[in-house]
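*Asks:* Please read through the structure below; I'll follow up with questions.
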Amino acid sequence: MPLTNKPAVTKFQVGQTRTYIKERRAITAVITKIESQVNDPFNDSNGKQINTYYFANEPSPIPEADVFATSNLALKKLKGGYILDLSGTDFGANDMSNVDLSGCNLSNCDFSAVTGLAFMNVSGSNLTDATMHDDYDTKAEFMNEVGSGAFDDDTIWTDGTKITL
Amino acid sequence: MPVTNKPSVTTHQVGATVFFILNGFPKQAVVEQTFSEVQDADNNNTGEQVDSYYLKGYSEKFYNSQLATSKANLKTLFNNLVDAMP
């Protein structure tokens, strides 16, 4: 059977500013071209898609595994762990809107009194046992408030499970 | 603004049989690999996509404009090319 509906939409898009790792350096630039190669090496009709990215002022192609939504996530990959341990922090009555906390350990943090969370980026972060504001204390409420792109499959929710599950 | 929702699904899929004319002869082959390039050269956020295909038994790269999904469609493709001659 032939494959269907390939290639899938790529994780990142042309025109987005993203961070990539090359020779153990994190570099942020605009994506100028994406190549998607599809084949079916195991002949199982599932197909395999390989995405490669080109960046402004970067002649080498960059594999998707080395491209990240935020510079924090690239640094997390380089470090091999959360880039900052903010566990236990009480964020008080601060407006956390647009704050980039991606790639951080936020376990046991207190967000119960914050005045805003819109676009607070927690991609690749760990929120285990964090206390959330009453208005955003379910996965659905939280994801709706921070918005798509501000969390990912590696975000750990307060109950210790992936936020996207 | 970045481009959105690219690449689009290719016209021909891996594993599908396609029909084409090569060196003056009609041929058919199975798509082995597709290759999609997305750019936004004119910077209008639309994104231009170029799809190319590698077929089993052939080393050449083929483009959408060369391939048909059936013998009947290949005839139509050929007729359209002839009709477009000046």
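Taken in sequence, the protein lines are chains A and B. For the first sequence, this note's numbering gives the first residue as 1432, with consecutive numbering after it. For the second sequence, this note's numbering gives the first residue as 2, with consecutive numbering after it. Glycine included, C-beta positions come from ideal geometry on N, C-alpha and C.
Given a threshold of 16 other Cβ atoms within 10 Å of its Cβ, counted over all protein chains shown, does Pro1438/A qualify as buried or as exposed?
*Replies:* Within the first sequence, residue 1438/A is the residue found at index 7, counting from 1. So Pro1438/A ends up on the buried side.
*Asks:* Cβ closer than 7 Å: which chain B residues qualify as neighbours of Ser1467/A?
*Replies:* To locate residue 1467/A, count along the first sequence from 1; it is residue 36. The answer, in chain order, is Pro8 and Ser37.
*Asks:* Mind listing the chain A neighbours of Val4/B? Cutoff is C-beta to C-beta under 7 Å, in chain order.
*Replies:* The residue labelled residue 4/B in the question sits at position 3 within the second sequence. Near Val4/B (Cβ distances below 7 Å), the residues of chain A are Gln1444, Val1445 and Gly1446.
*Asks:* Taking only beta-carbon positions, decide if Thr1435/A is within less than 8 Å of chain B.
*Replies:* For this step, residue 1435/A is matched to residue 4 along the first sequence. Answer yes: the Cβ-Cβ gap between Thr1435/A and chain B drops below 8 Å somewhere.
*Asks:* Considering Ala73/B, what are the terminal residues of the alpha helix (DSSP H) in which it resides?
*Replies:* The residue you call residue 73/B lines up with position 72 of the second sequence. Ala73/B -> alpha helix (DSSP H) spans Lys72 to Asp84.
*Asks:* Can you check whether the C-beta of Val15/B is within less than 8 Å of a C-beta belonging to chain A?
*Replies:* Start at 1 with the first residue of the second sequence, and residue 15/B comes out as number 14. Chain A, which has a Cβ nearer than 8 Å to the Cβ of Val15/B, makes this yes.
*Asks:* Taking Val1440/A as the query, report the chain B residues whose CB atoms sit under 9 Å from its CB, ordered along the chain.
*Replies:* Position 9 of the first sequence, counted from the start, is the residue given in the question as residue 1440/A. Per Cβ cutoff of 9 Å: Thr5, Asn6, Lys7, Pro8 and Ser9.
*Asks:* So, is Asn1470/A buried or exposed, given that buried needs 16 or more other C-beta atoms within 10 angstroms?
*Replies:* Here residue 1470/A corresponds to residue number 39 of the first sequence, with the count starting at 1. The residue in question, Asn1470/A, is buried, as its Cβ has 16 or more Cβ neighbours within 10 Å.
*Asks:* I'd like to know if Val48/B contacts chain A, where contact means its C-beta is closer than 8 Å to some C-beta of that chain.
*Replies:* Numbered from 1 along the second sequence, position 47 holds the residue referred to as residue 48/B. The sequence shown places Gly at residue 48/B, rather than the Val named in the question. So, interface residue.
*Asks:* Cβ closer than 7 Å: which chain B residues qualify as neighbours of Asn1470/A?
*Replies:* Here the question's residue 1470/A lines up with position 39 in the first sequence. What Asn1470/A touches in chain B: Val15, Glu33 and Gln34.
*Asks:* Residue range of the beta strand (DSSP E) that Lys1453/A falls in?
*Replies:* For this step, residue 1453/A is matched to residue 22 along the first sequence. It spans Thr1448 to Lys1453 - the beta strand (DSSP E) in which Lys1453/A sits, taken as one unbroken run.
*Asks:* Return the residues of the region 40-66 of chain B that lie within a Cβ-Cβ distance of less than 7 Å from chain A, sorted by chain order.
*Replies:* Result list: Gln40, Asp41, Asn46 and Gly48.
*Asks:* Under 8 Å between beta-carbons, which chain E residues line up against Gly1478/A? List them in chain order, please.
*Replies:* Chain labels in this structure do not include chain E; the protein chains are A and B.
*Asks:* Taking only three categories from DSSP, how would you classify Tyr1513/A?
*Replies:* For the purposes of this step, residue 1513/A is identified with residue 82 of the first sequence, where counting begins at 1. Correct three-state label for Tyr1513/A: coil.
*Asks:* Spatial neighbours of Val15/B within its chain, please: CB distance less than 8 Å, with the 5 preceding and 5 following residues excluded, ordered by chain position.
*Replies:* Within the second sequence, numbered from 1, the residue matching residue 15/B stands at position 14. For Val15/B, where only same-chain residues beyond five positions count, the Cβ hits under 8 Å are Val32, Glu33, Gln34 and Thr35.
*Asks:* Between the beta-carbon of Thr1450/A and the beta-carbon of Thr1501/A, is there less than 8 Å?
*Replies:* Numbered from its first residue, the first sequence carries residue 1450/A at position 19. Numbered from its first residue, the first sequence carries residue 1501/A at position 70. Yes, the Cβ-Cβ distance between Thr1450/A and Thr1501/A is below 8 Å.
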